[in-house]
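K.L.:
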Amino acid sequence: MEIQYLKEPLIEFAEDFLCEDPKKGIEAMGFYSISNKSHKSQIQYSVIGTKKQISDYKNWIEKFSKPIESTINYKLSSLKVNTDDSDDETLEIESFFGEEDFEGNYIEDLDSGDIINKKANPDFPGFNSDSCFQCEFLNDGDDYVINSKNITEILDSDKKQIQKLIDISELYTKCYLELIENSTGRPDIIIVLIGKDVFKKIGAFTLGNVFHNLRRKVKADILATDKNIPIQIILEETIDGTKKSLQDLSMIAWNYCVAQYYKTANCTPWTIKDIDADTCYLGISFHKINENGNNHLRSSIAQAFNKDGKGLVFTGKQFEWRSEKTRVSTPHLKYDYAKELIINVLNQYKLINKHTPKRVVIHKTSDFWDAYINSDYNELDGIIDGIKEVLGDNVEYDLVTIKSSQLRLLRNSDYPVLRGTLLKVSNEKAYLYTNGFIPYYDTYPGAYVPMPLSIENIGETPIVDICKEILALTKMNFNNCSYCDGLPITIQFSKKVGEIIQYFPKDIENPPNKYFFYM
Numbered sequence: 001m002e003i004q005y006l007k008e009p010l011i012e013f014a015e016d017f018l019c020e021d022p023k024k025g026i027e028a029m030g031f032y033s034i035s036n037k038s039h040k041s042q043i044q045y046s047v048i049g050t051k052k053q054i055s056d057y058k059n060w061i062e063k064f065s066k067p068i069e070s071t072i073n074y075k076l077s078s079l080k081v082n083t084d085d086s087d088d089e090t091l092e093i094e095s096f097f098g099e100e101d102f103e104g105n106y107i108e109d110l111d112s113g114d115i116i117n118k119k120a121n122p123d124f125p126g127f128n129s130d131s132c133f134q135c136e137f138l139n140d141g142d143d144y145v146i147n148s149k150n151i152t153e154i155l156d157s158d159k160k161q162i163q164k165l166i167d168i169s170e171l172y173t174k175c176y177l178e179l180i181e182n183s184t185g186r187p188d189i190i191i192v193l194i195g196k197d198v199f200k201k202i203g204a205f206t207l208g209n210v211f212h213n214l215r216r217k218v219k220a221d222i223l224a225t226d227k228n229i230p231i232q233i234i235l236e237e238t239i240d241g242t243k244k245s246l247q248d249l250s251m252i253a254w255n256y257c258v259a260q261y262y263k264t265a266n267c268t269p270w271t272i273k274d275i276d277a278d279t280c281y282l283g284i285s286f287h288k289i290n291e292n293g294n295n296h297l298r299s300s301i302a303q304a305f306n307k308d309g310k311g312l313v314f315t316g317k318q319f320e321w322r323s324e325k326t327r328v329s330t331p332h333l334k335y336d337y338a339k340e341l342i343i344n345v346l347n348q349y350k351l352i353n354k355h356t357p358k359r360v361v362i363h364k365t366s367d368f369w370d371a372y373i374n375s376d377y378n379e380l381d382g383i384i385d386g387i388k389e390v391l392g393d394n395v396e397y398d399l400v401t402i403k404s405s406q407l408r409l410l411r412n413s414d415y416p417v418l419r420g421t422l423l424k425v426s427n428e429k430a431y432l433y434t435n436g437f438i439p440y441y442d443t444y445p446g447a448y449v450p451m452p453l454s455i456e457n458i459g460e461t462p463i464v465d466i467c468k469e470i471l472a473l474t475k476m477n478f479n480n481c482s483y484c485d486g487l488p489i490t491i492q493f494s495k496k497v498g499e500i501i502q503y504f505p506k507d508i509e510n511p512p513n514k515y516f517f518y519m
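Here is the structure:
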């Protein structure tokens, strides 16, 4: 066994500027898209909500156009790694949002004293055309005002809770369609504001053995309309100041503005320097389907990324997984299913990126079964044969299993081991700390004792290089502006997409294939 330290991956911004922190890079030189000519200097938005909610939102977003001083220190709960793809119901029972998508997962650091760590939480410079962002939010008044009486009638009716959720989602979907039809122009993004009463009464609940979540339902129903204008769902109490946020306004502004910029025609906030442009990174995960209480129905998600972090989503066919027969809770794929899934996603990747990769890396949170392990679920050969059918016999591939681990390395210090610490067990297996002490911050920003990821590879690439790629891919979450996540985007985003697709109607044919629609 061998322990080594992997240096923090660098990310690239405008004018070829390199650094390890997204906020520093943006403030120094601006978004990567400014240099590659895909930059948008204006983000046109429309809003759906009651008259008061729309007014409150515009007052809230106006604050982001000016500098905002940071006021608290925080810790990242998102650094806690959980790669579980099993069917444990406790993993699904969560709040309506936890936090809004753009907020990330933060808790206030109450032990840090009064001095603000300005590297971890820098002041927000203001989102306007003259700042480092070189971009601004614009609204031309093409909003959709919902009569609050229409919402109250649904919530106060004698209908069952599940029917109220369906009716509210249908109401927001109808507003979305009518807004688009009646708009004088086409907005880049549509903001959907969820009222306090809606959140309280039908935000999230369990019915029988099925978990229901309004945010996911609304997203799925709107995506199924095939209008291809992304939405951002926000709680009313976030914008009217009544919500006790775990972030200060400066951090919310950083995260919100980066997320909306990425949603706008897929602009690129930053990219990774040392990632091979000829490699396609693909994550596979599995998710339950909420249908008639059928607890055995599953769907697969395959999501491919290039070095710029542009994600392509492909949803596989529904299938049954009976853990009582296989004695394993995490689903696996049959040969034909695995082969078809890989062929479809790689063909789409080639078409959309206008590029044929020379190497494919697949990340999965469970082992790759072959015919020896289970002859009915020979996903290993199906995946390999699918890759070769699309890219030829000479293509390189690495099939990487990423799991949580209970292993601990101890350091002779007040702080835990460094992020990037690697324990190499063999040429095929290693343990990688994607969380830990960060020298740039001079602290450990996590809220929990750091846990390493267990990494195993089937392929020719050295395990150390595999781990370097995983570490780099933890810095590509454009849903916020965090220094890093605990998981690579290939796994993190597949799980997020899976939360939405389980609510898709059965007859949906061509759901949006760009990740930013699911953010």
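Counting from 1, one number per residue, gives the positions in the sequence shown under the UniProt record's numbering.
All residues carry an ideal CB built from backbone N, CA and C; glycine is no exception.
Here the structure is a predicted model, which means the values were calculated and not measured.
1. What three-state label does DSSP hand D442 in the structure shown?
2. Which partner residues of C19 appear in the DSSP bridge assignment?
3. Count the other C-beta atoms from every protein chain shown that fall within 10 angstroms of the C-beta of H355, then say buried if there are 16 or more, exposed otherwise.
4. For S494, I'd like the list of residues in its chain whose CB is within less than 6 Å of its CB, leaving aside the five on either flank, ordered along the chain.
5. Relative to the alpha-carbon of V497, which residue among P450, E12, I289 has its alpha-carbon at the smallest distance?
6. Run through DSSP, which three-state label would N457 get?
7. With a cut-off of 8 Å on the beta carbons, I'd call I43 and Q260 a contact; round off their distance for me.
8. Let's test the definition: count the other Cβ atoms within 10 Å of the Cβ of P505 and tell me whether it reaches 16, buried, or not, exposed.
9. Should M1 go down as buried or exposed, given a rule of 16 or more other Cβ atoms within 10 Å for buried?
10. According to DSSP, is L407 part of a helix, a strand, or is it coil?
11. Among all the DSSP beta bridges, which residues are the ones paired with S300?
12. Are the segment 124 to 135 and the segment 22 to 35 in contact at 8 Å, needing three or more beta carbon pairs?
13. Between which two residues does the beta strand (DSSP E) harbouring K243 extend?
14. Output yes or no for whether 8 Å exceeds the beta carbon distance between Y518 and I500.
15. Under 8 Å between the Cβ atoms of I383 and I342?
16. Specify the secondary structure class of Y415 as computed by DSSP and reduced to three states.
17. When the Cα atoms are used, what is the spatial distance from residue 520 to C257?
18. With a 10 Å radius around its C-beta and 16 neighbouring C-beta atoms as the bar for buried, classify G486 as buried or exposed.
19. List the residues that DSSP assigns as beta-bridge partners of K495.
20. Can you tell me which of the three DSSP states Y335 falls into?
21. Provide the residue span of the beta strand (DSSP E) that contains G311, from first to last.
22. I'd like to confirm the pairing. Which residues does DSSP put opposite D398 in its beta bridges?
23. Measuring alpha carbon to alpha carbon, tell me which residue in L171, W254, A265 is nearest H39.
24. Considering only residues of the same chain and omitting the five flanking positions on each side of E15, which have a CB-CB separation below 7 Å?
25. K388 to P331, Cα distance in whole Å?
26. Apart from the five residues just before and just after K7, which ones in its own chain have a Cβ nearer than 7 Å to its Cβ?
27. According to DSSP, simplified to helix, strand and coil, what is C484?
28. Relative to the C-alpha of P125, which candidate in F64, G459, P22 has its C-alpha closest?
29. Are Q4 and K424 closer than 8 Å when you measure CB to CB?
30. So, helix, strand or coil for C175, using DSSP?
31. Any idea what DSSP makes of S46, helix, strand or coil?
32. What is the DSSP secondary structure of L391, reduced to helix, strand or coil?
P.N.:
Walking through what the data contain:
1. To locate residue 442, count along the sequence shown from 1; it is residue 442. Coil.
2. Residue numbering aside, residue 19 sits at position 19 when the sequence shown is read from its first letter. For C19, which the question treats as bridged, DSSP gives the partners I11.
3. Position 355 of the sequence shown holds residue 355. When all chains shown are included, H355 counts as exposed.
4. Within the sequence shown, numbered from 1, the residue matching residue 494 stands at position 494. Closer than 6 Å at Cβ, skipping near neighbours: G283, S285, I301, Q303.
5. Locating residue 497 in the sequence shown gives position 497, where the first residue counts as 1. Nearest in C-alpha terms to V497, of all of P450, E12, I289, is I289.
6. The count along the sequence shown starts at 1 and reaches residue 457 at position 457. The answer is strand: DSSP assigns N457 an E or B state.
7. As a working note, residue 43 is residue 43 in the sequence shown. As a working note, residue 260 is residue 260 in the sequence shown. About 6 Å; that satisfies the 8 Å criterion.
8. Reading the sequence shown from its first residue, position 505 is the one you call residue 505. Its Cβ having fewer than 16 others within 10 Å, P505 is exposed.
9. Numbered from its first residue, the sequence shown carries residue 1 at position 1. M1 sits exposed, since fewer than 16 C-beta atoms from the chains shown fall within 10 Å of its C-beta.
10. Taking the first residue of the sequence shown as 1, we reach residue 407 at position 407. It is coil, neither helix nor strand.
11. Here residue 300 is taken as the residue at index 300 of the sequence shown, counted from 1. Secondary-structure assignment with DSSP links S300 through a beta bridge to F286.
12. In short, these stretches touch, since the Cβ pair count reaches three.
13. Numbered from 1 along the sequence shown, position 243 holds the residue referred to as residue 243. From DSSP, K243 is part of no beta strand (DSSP E); its letter is neither H nor E.
14. Translated into positions along the sequence shown, residue 518 becomes position 518. Translated into positions along the sequence shown, residue 500 becomes position 500. Yes, the pair counts as a contact, with Cβ atoms nearer than the cut-off.
15. Within the sequence shown, the letter at position 383 stands for residue 383. Within the sequence shown, the letter at position 342 stands for residue 342. Yes; because the gap between Cβ atoms is below 8 Å, this pair is in contact.
16. For the purposes of this step, residue 415 is taken as residue 415 along the sequence shown, with counting starting at 1. In this structure, DSSP gives Y415 a state outside helix and strand, which the three-state scheme calls coil.
17. Nothing in the structure corresponds to residue 520, since the chain is present only between 1 and 519.
18. Position 486 of the sequence shown holds residue 486. G486 is buried by the Cβ-count criterion.
19. As a first step, residue 495 must be located in the sequence shown, where it is residue number 495. Beta-bridge pairing links K495 to no other residue.
20. The sequence position of residue 335 within the sequence shown is 335, counting from 1. In the structure shown, Y335 sits in a helix (DSSP, three-state: H, G or I).
21. One-based indexing of the sequence shown puts residue 311 at position 311. Looking at the DSSP string, the run of the beta strand (DSSP E) that includes G311 is 311 to 315.
22. As a working note, residue 398 is residue 398 in the sequence shown. Bridge partners of D398: V361, G459.
23. Here residue 39 is taken as the residue at index 39 of the sequence shown, counted from 1. Residue A265 is the option with its Cα nearest to H39.
24. Residue mapping note: residue 15 aligns to position 15 of the sequence shown, counting from 1. Here the set comprises M29, S35.
25. Mapped onto the sequence shown, residue 388 falls at position 388. Mapped onto the sequence shown, residue 331 falls at position 331. Here the alpha carbons of P331 and K388 stand approximately 24 Å from one another.
26. In the sequence shown, counting from the first residue as 1, residue 7 sits at position 7. Excluding positions up to five away in sequence, the list reads G420.
27. Position 484 of the sequence shown, counted from the first residue, corresponds to residue 484. The answer is coil: DSSP assigns C484 none of H, G, I, E or B.
28. By 1-based counting over the sequence shown, the position of residue 125 is 125. It is F64.
29. The count along the sequence shown starts at 1 and reaches residue 4 at position 4. The count along the sequence shown starts at 1 and reaches residue 424 at position 424. It is a contact, given that the beta carbons lie within the stated cut-off.
30. Start at 1 with the first residue of the sequence shown, and residue 175 comes out as number 175. Assignment of C175 by DSSP, reduced to helix, strand and coil, places it in the helix class.
31. Position 46 of the sequence shown holds residue 46. Residue state, collapsed to three classes: strand.
32. If you number the sequence shown from 1, residue 391 lands on position 391. In the structure shown, L391 sits in a helix (DSSP, three-state: H, G or I).
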